[in-house]
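In the numbering used here, the protein residues as written are 742 to 1087. Where a beta carbon is used, it is the ideal one built from N, C-alpha and C, also for glycine. Notes for the one structure printed next.
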Amino acid sequence: MCRSDPKRLADTLGTENEESCTTYNMLKVQQPCFCYYHLLQSVLAGNFISVTRNWMSNDIVTVTLPLRLRMESIQDDRPEYGSIQAILFGPYLLAGLTTGDWDINTGNSSSISNWITAVPASYSGQLISLTQEINGKTHVFSNSNGSLTMEELPIEGTNAAIHGTFRFVFPEKAAAVQSYVMLEPFDLPGMMVVHRGPNNGLAVSSSSTAPGADAMFNIVQGLDGEDEMVSLESSTQRGCFVCGIGGSYFSAARNKTVQLICPSDSELDMMSFRRAVSFTPVARGLRQYHPISFVAKGVSQNFLLEPLLSLRDETYTVYFHIHQQGNPVIDNFGRATSTQIESDTS
742 MCRSDPKRLA DTLGTENEES CTTYNMLKVQ QPCFCYYHLL QSVLAGNFIS VTRNWMSNDI
802 VTVTLPLRLR MESIQDDRPE YGSIQAILFG PYLLAGLTTG DWDINTGNSS SISNWITAVP
862 ASYSGQLISL TQEINGKTHV FSNSNGSLTM EELPIEGTNA AIHGTFRFVF PEKAAAVQSY
922 VMLEPFDLPG MMVVHRGPNN GLAVSSSSTA PGADAMFNIV QGLDGEDEMV SLESSTQRGC
982 FVCGIGGSYF SAARNKTVQL ICPSDSELDM MSFRRAVSFT PVARGLRQYH PISFVAKGVS
1042 QNFLLEPLLS LRDETYTVYF HIHQQGNPVI DNFGRATSTQ IESDTS
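This is the structure in structure tokens:
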């Protein structure tokens, strides 16, 4: 892997001794099928590029192979499986983080690059986890099947670590007020955490339309007064704060549900409340993006795609049910079979 550009594979070839220089004067390098074929028009995929010269000791040839997205059909000829495809980036099989959904929507596009986009490197610096110490144990703000709860700190490489990681999204309309943020679940690109009014639990809602003000929170100094703690105040319900597991003190439910609490003056003076609405931010989150990460547009959710070999105990799918809206069938090179449109990941 080329360290400076994860979209390219790079390798360096060197001569070993004088004999290898004088005995062989032709170097042949095979172009893999997963590279951009139009960048090497004189060589078909699977064939060789020949480099002939009078080699000298310590000569070095650097081979850089630009990668591309492509799809491969499941190995099943039955018609009902014709729309089931795997997605690959170069030699990497991409897995979608999901617990059951596998439906992808290509819309009106005949190019794979129009419904799969790379995760920008800058997004890694926007990842965050929010924790609280409760009865000597660390709990983390987590997405639990669409509801927000405080769960015990998970181990790495699990679904729980994914569910305890979010991305700070800064609304464009609130650019002048840098403290306003939205929280996007790590494995649900495009969805946001929203509140449902005072004294109700928070939830994850789709942002297929522009996120509303109920998804915006104001980051303020933690109300408990401790250094490096933060509290999240609703942008629409001023004076109302996201309350962690301590919120059960104010709720008859007495469970782990994270709520939006609008305290009375007496409650605001209680240290138990101030601690319940104060969180320790964990920069870059409990889970990080892989350098090779993509977002694919789904029917009911978008998918975060990562190389299969990078996963441990997370749940995933490597096959997707591809939905198209009257488009030509997309072949395993990411091109429409009738128009030969080439995919573009640059």
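From which residue to which residue does the alpha helix (DSSP H) around residue i run?
i                  : result
aspartate 842      : Looking at the DSSP string, aspartate 842 is not in any alpha helix (DSSP H), and its letter there is neither H nor E.
glutamate 969      : Premise fails: glutamate 969 is in no alpha helix (DSSP H) and is neither H nor E.
serine 1007        : 1006-1009
isoleucine 903     : 900-904
arginine 1028      : No alpha helix (DSSP H) contains arginine 1028, which DSSP labels as neither H nor E.
phenylalanine 1014 : 1012-1017
Could you check whether residue j and residue i sit closer than 8 Å to each other, using their CB atoms as the reference points?
i                 : j              : result
threonine 738     : serine 888     : As shown, the chain starts at 742 and ends at 1087. That puts residue 738 outside it, with no answer to give.
threonine 890     : serine 883     : yes
isoleucine 853    : lysine 1038    : no
leucine 943       : valine 935     : yes
phenylalanine 830 : leucine 808    : yes
asparagine 941    : leucine 1001   : yes
phenylalanine 911 : isoleucine 869 : no
glutamate 1008    : histidine 1031 : no
aspartate 817     : glutamine 1042 : no
Could you say which of the options lies nearest to residue i if we only look at CA atoms?
i                  : options                             : result
valine 971         : Ala1024, Ser1041, Asn886 and Ile853 : Ala1024
isoleucine 815     : Phe927, Ile828, Lys1038 and Gly841  : Ile828
phenylalanine 789  : Ser885, Met797 and Val804           : Val804
proline 926        : Phe907, Ile845, Glu967 and Glu892   : Phe907
glutamine 730      : Glu1008, Met923 and Tyr1060         : In the structure as shown, the chain starts at 742 and stops at 1087, and residue 730 therefore has no counterpart that could be examined.
leucine 1049       : Pro832, Ala944 and Cys981           : Pro832
threonine 977      : Asn855, Gly985, Asp1010 and Cys1003 : Cys1003
arginine 1015      : Ile986, Val1040, Gln1042 and Asp818 : Ile986
serine 885         : Ile896, Pro895, Thr879 and Ala901   : Ala901
glycine 953        : Asn940, Met932 and Asp800           : Met932
serine 975         : Ser947, Met1012, Tyr921 and Ser1013 : Tyr921
isoleucine 1033    : Ser1013, Ser1051 and Arg937         : Ser1051
phenylalanine 1044 : Ile801, Val860 and Val881           : Val860
valine 1040        : Ile801, Ser947, Arg819 and Pro820   : Ser947
asparagine 959     : Gln826, Phe982, Asp1010 and Leu810  : Phe982
tyrosine 1060      : Pro939, Tyr822 and Met957           : Tyr822
glutamate 813      : Pro820, Ala956 and Gln826           : Gln826
proline 939        : Glu897, Ser791 and Ser1005          : Ser1005
serine 1013        : Glu874, His1064 and Asn799          : Glu874
Assuming residue i is part of the beta strand (DSSP E), what are its boundary residues?
i                 : result
arginine 811      : 810-814
methionine 933    : 933-935
methionine 923    : 921-926
phenylalanine 789 : 789-793
alanine 870       : One detail in the question is off: residue 870 reads as serine in this sequence, not alanine. Unbroken beta strand (DSSP E) run through serine 870: 868-875.
methionine 957    : From DSSP, methionine 957 is part of no beta strand (DSSP E); its letter is neither H nor E.
valine 804        : 801-807
valine 1036       : 1035-1037
serine 946        : 944-946
methionine 797    : Element bounds for methionine 797: n/a, residue is neither H nor E.
glutamate 821     : That residue, glutamate 821, is in no beta strand (DSSP E); it is neither H nor E in DSSP.
valine 910        : 907-910
proline 1090      : Outside the displayed range of the chain (742 to 1087) lies residue 1090, so it cannot be described from this structure.
Assuming residue i and residue j form a contact by the criterion Cβ under 8 Å, report the distance between their Cβ atoms to the nearest whole angstrom.
i              : j                  : result
threonine 858  : phenylalanine 1035 : 6 Å
histidine 1062 : serine 824         : 6 Å
glycine 905    : glutamate 892      : 7 Å
cysteine 984   : valine 1018        : 5 Å
threonine 1021 : glutamate 969      : 7 Å
Can you tell me whether residue i sits near the ligand GDP, meaning its C-beta is under 7 Å from at least one heavy atom of the ligand?
i           : result
glycine 985 : The model on display carries no ligand, and the ligand GDP is accordingly not part of it.
Could you tell me whether any Cβ in chain C is nearer than 8 Å to the Cβ of residue i?
i                 : result
phenylalanine 882 : Here chain C cannot be found, since the structure has a single protein chain.
* To do: Check whether the segment 1026-1034 touches the segment 959-974, counting contact only when three or more Cβ pairs, one atom from each stretch, lie closer than 8 Å.
  => no
* Asked: Would the segment 832-852 and the segment 1048-1068 be scored as touching if the rule is three or more Cβ pairs under 8 Å?
  -> yes
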